[in-house]
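Beneath this line is the structure, given in structure tokens, with notes to follow.
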Amino acid sequence: MSVFTGTLTADLLLGDVHSLKEKRAVVKPIVAELRRRFSVAAAEVGDPDLHRRVQVGVATVAGQAAQVGDVLDACERLLAERPEVTLLSTHRQLSSDTDQ
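Just so you know, we're using the working numbering here: the sequence shown kicks off at -8 and counts up by one.
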């Protein structure tokens, strides 16, 4: 039996945000929804001092690579559909316990 891990890093542009407090008010519910809906580890990553940009990191583990891909696809769709942010880019990485 293999174990597959997958990560997704999403670069987001925030809407009308002018302070770090406003940024947290937008990002915190997004991260919480990712965790709740998809049972993933999710957090704000990258440069926390930028007001209008944020990187959100997501990680998941499963017994099949396809399942990891499905979860990351769903997370990416959720981020793309949020009206308060614009999804600029994503980066994915998939690894297996058999990788060297």
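Each residue gets a CB set at the ideal place from its N, CA and C atoms; glycine is no exception.
Treat the numbers as computed from the prediction; the structure is a model and nothing was measured.
| Where Arg43 and Ser87 are concerned, what is the direct C-alpha to C-alpha distance, given to the nearest angstrom? | 35 Å
| said: My output table needs one value for Val17: the three-state DSSP class, helix, strand or coil. | reply: helix
| query | Among Met(-8), Thr(-2), Leu4 and Thr(-4), which has the Cα closest to the Cα of Leu78? | reply | Leu4
| task | Consult DSSP for Leu41 and reduce its assignment to one of helix, strand or coil. | result | coil
| Beta-carbon spacing of Val18, Val47 below 9 Å | yes
| DSSP three-state assignment for Asp61, whether helix, strand or coil | helix
| field | For Val62 and Val36, believed in contact at Cβ under 8 Å, the rounded distance | value | Not confirmed; about 18 Å, so no contact.
| field | Closest residue to Arg83 among Leu69, Gly54 and Val59 (Cα-Cα distance) | value | Val59
| message | Suppose you measure from the CA of Glu67 to the CA of Asp90; what does that come to, to the nearest Å? | response | 25 Å
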